[in-house]
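**Student:**
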Amino acid sequence: MAADSGKLKEVRLRAPVDPAALGELRIGEVVYLDGVVYTAREGVYKKVVEEGCDLPLDLAALSNVNFHCSPAATVNDDGGYTMGAVSATASFRFSKWIERWFDISGAKMIIGKGGMSAADYRRCFVPRGAVYLTTVGYGTGALLGRGVKRVREVHWIRELGIAHALWVLEVEKFGPFIVESDVEGNSLFDRENAKIAKGLPDLYRDSKPAILGRYGETDDRSDEVI
Amino acid sequence: MIPIKTVEEVAENLMERAAIDIPEDYLGGLEEMAEREEGELASFVIRAMIENYRAASDDRRAMCGDTGVPRWYVKMGNEAAVEDGPVGLEGALRRATAQATAAVPLRPNRVHPLWRTDHGNNVGINAPEIEYAYEPDGAWIDLTAVHKGGLFGTDYRMLFPGDGIDGIRRFLIDSLVAFGRRGLACQPAIIGIGLGGSKDICMVLGKQAACLRIVGDRNPDPRIAELELELTELGNSIGMGAMGFAGNSMVIDCHIEAGYCHTGAMPMSVHAFCLASRRATARIQPDGSVCLRTDPQWFTPYKRRETVEWQPTAEN
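These protein sequence lines are chains A and B, in that order.
Count the first sequence with the numbering used here and you get residues 1 to 226, in order.
Count the second sequence with the numbering used here and you get residues 1001 to 1316, in order.
#1: Ordered along the chain, which non-local residues of its own chain (more than five positions away) have a Cβ less than 6 Å from that of A/Pro56?
#2: Using a Cβ-based criterion (distance less than 7 Å to any ligand heavy atom), does B/Asp1217 qualify as near the ligand ZN?
#3: Just the chain A side, please: which residues come within less than 7 Å of B/Met1240 by C-beta, in chain order?
#4: Does B/Met1001 pass the burial test, meaning 16 or more other C-beta atoms within 10 Å, or should it be called exposed?
#5: Ignore the nearest five residues each way along the sequence and tell me which others in A/Gly216's own chain have a CB closer than 7 Å to its CB.
#6: Mind listing which residues of the region 215-226 of chain A have their C-beta closer than 8 Å to chain B's C-betas, in chain order?
#7: Can you look up B/His1147 in the DSSP assignment and give me helix, strand or coil?
#8: Return the residues of the region 1164-1194 of chain B that lie within a Cβ-Cβ distance of less than 8 Å from chain A, sorted by chain order.
#9: For B/His1374, which residues does DSSP report across the bridge?
#10: List, in order along the chain, the chain A residues whose C-beta lies closer than 7 Å to that of B/Cys1064?
#11: For A/Ile27, which option in A/Pro19, A/Leu160 and A/Val11 has the closest C-alpha, if you only look at C-alpha atoms?
#12: So for B/Cys1064, helix, strand or coil by DSSP?
#13: Rounded to the nearest angstrom, what separates B/Ile1214 and B/Tyr1026 at their Cα positions?
#14: Compute the distance between the beta-carbons of A/Cys69 and A/Ile98, then report whether it is under 8 Å.
#15: How long is the line joining the alpha carbons of B/Cys1211 and A/Arg128, rounded to whole angstroms?
#16: Pull up the distance between the alpha-carbon of B/Leu1231 and that of B/Leu1151, whole angstroms please.
#17: Using the C-alpha atoms, what's the distance from A/Glu172 back to B/Glu1226?
#18: Taking the alpha carbon of B/Glu1009 as the reference point, which residue from B/Tyr1302, B/Lys1303 and B/Ala1282 has its own alpha carbon closest?
#19: Should B/Val1251 be flagged as near chain A, meaning a C-beta pair shorter than 8 Å?
#20: What number of angstroms, rounded off, separates the C-alpha of B/His1262 from the C-alpha of A/Pro209?
#21: Would you verify that the beta carbon of A/Pro127 is, or is not, closer than 8 Å to some beta carbon of chain B?
#22: Quick check: the region 31-40 of chain A against the region 156-176 of chain A, are at least 3 beta-carbon pairs closer than 8 Å?
#23: Under a Cβ-count criterion, where at least 16 other Cβ atoms within 10 Å of its own Cβ denotes burial, should B/Val1308 be classed as buried or exposed?
#24: Using beta carbons (cut-off 8 Å, strictly below), is A/Leu203 in contact with chain B?
#25: Is A/Ser222 buried or exposed, if buried means 16 or more other CB atoms sit within 10 Å of its CB?
#26: Within the chosen definition, does the region 1246-1266 of chain B reach the region 1191-1206 of chain B through at least 3 CB pairs nearer than 8 Å?
#27: Name the chain B residues whose beta carbon is nearer than 7 Å to that of A/Val136?
#28: Taking 8 Å as the threshold (C-beta atoms), are B/Ile1165 and B/Leu1159 in contact?
#29: For the putative contact between A/Tyr233 and A/Gly115, defined by C-beta atoms under 8 Å, what is the C-beta separation to the nearest angstrom?
#30: Please classify A/Asp103: is it buried, with 16 or more other beta-carbons within 10 angstroms of its beta-carbon, or exposed?
#31: Under a CB-based cut-off of 8 Å, is A/Met1 close to chain B?
#32: Kindly list, in the order they appear in chain A, the residues whose Cβ is closer than 9 Å to that of B/Leu1041.
#33: Once the 5 residues before and after B/Ala1145 are set aside, which same chain residues still bring their CB inside 6 Å of it?
#34: Let's see if you can read the secondary structure: which residues bound the beta strand (DSSP E) around B/Cys1254?
#35: Which of the three DSSP states is assigned to A/His68 in this structure?
#36: With DSSP collapsed to three states, give me the class of B/Ala1056.
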């Protein structure tokens, strides 16, 4: 059973994703995926982008969907894998690697937690026709775990550990995800932040800054800490 | 004498229960919130989470892929004795943590801060944390497993008496707005606030308030209880909901714990026990019998005592 998306539009896509289909996605839409996705986060990015290691597989031929994720999984004695829950990790931390990663991997869809900055969308995503999907709630680990039908292959598990290894996953009705950034670089989080920011002056109206300030402190509540 | 084998078995079971079964008090609070939330996106998120808990229990699969940082709270009655002593107890908790990591499975999350060494079992230097408390009567031991998120949503600030209750309100909003955007705090959360103590105790009390008191529980000091309700409402009036979407679902409940502090100070810490509020408790008796529950019953009149000598009648 999928979560009832109510008034939100729900879309089901094949992975690897068709670039033309990405053009149809709008921020705030709910997406489910079927096909093949892979995980890569700072462990893989450092190895490939910084250290120049070759990818251990032909990633571009396999999928263009990069999930910022590490599964709760176990390597069994027979060499197989038990996949438990699957949740995303916060993507804004990967900003320094993402542009080169796009060029090396050919990724068109990033799935993660919390999105990236509007500047990253403009600089790296829009020119490559790529979109960003966010996981829901952070996370629907059990629902996403259910959506993983098979672990096709795992790379660098010994060097990077379970959390940072590159997992290739066959998925079915994998989701829910929400479109955070579309091909034009619009950001759902930016839109929602702007709505919330309107109410903040009222919230702080009768409140004074703390007696002891902190280095780098700002009084502009439209600022983010990330 | 409490058998050490039972301690280890129960501990492994608690790791599994904490990871998979959302406590009823939190679920009840979230279901009430789902009724009230009017933001379309925030409401979708909450409904998806409720469905996720059901999937976790049905599949016996962890509710969240991020195990957080598993930790232990141990409480002993004054007459309790564990076979193999305190060292045996800590060994059993470390073994249970490692075994459950493979068996559930949980994500191995614990690494060395510099060398990123990962034993693949959530055990390492000072990990899992084990905290202790004692009660005047009883020969039992209570074990509580908590899988607490380990990245965002927590802050500390040295406030002063001159900052007053307004300063407390402001620092809470600061924390919620900062970490609530994009849902980094994985709200709606149980917010724990530590007030007073020295810096370390302020953090410890706030985390315990978030993780070890159930939704609906109120501080026995009526004025603090009132402040807990006020701050819950304040957090839900920011205009922000689940995942930082427009809405009003930030705080499932707010718990405040106080500790006596420096006469010039009023330090405060804020902690968020997230959408995966994972805790499970068991009491083990000397005869090896076990009683499971979800309320850790950590804060008792004895834990909150004020005077030099324990005076149960005066403080109850």
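Glycine is no exception: its CB is placed at the ideal position from the N, C-alpha and C atoms.
**Tutor:** Quick answer:
#1: His155
#2: Among the ligands in the structure shown, none appear at all, so the ligand ZN cannot be discussed.
#3: Ile196
#4: exposed
#5: none
#6: Arg221, Glu224, Val225 and Ile226
#7: strand
#8: Asp1166, Gly1167, Arg1169, Arg1170, Phe1171, Ile1173, Val1177, Ala1178, Phe1179, Arg1181, Arg1182, Gly1183, Leu1184 and Cys1186
#9: What is shown of chain B runs 1001 to 1316, which leaves residue 1374 of chain B out entirely.
#10: Ala85, Ser87, Gly139 and Gly141
#11: A/Val11
#12: coil
#13: 7 Å
#14: no
#15: 44 Å
#16: 23 Å
#17: 48 Å
#18: B/Ala1282
#19: no
#20: 21 Å
#21: no
#22: yes
#23: exposed
#24: yes
#25: exposed
#26: yes
#27: Val1045 and Ala1048
#28: no
#29: Given that chain A is displayed from residue 1 to residue 226, the structure contains no residue 233 of chain A and the question cannot be resolved.
#30: exposed
#31: Since pLDDT at A/Met1 reaches only 39, below the 50 mark, its modelled position is unreliable, and no value is offered.
#32: Leu8, Gly28, Ile178, Leu188 and Glu192
#33: Leu1014, Met1015, Ala1018 and Ala1280
#34: Val1251 to Gly1259
#35: coil
#36: helix
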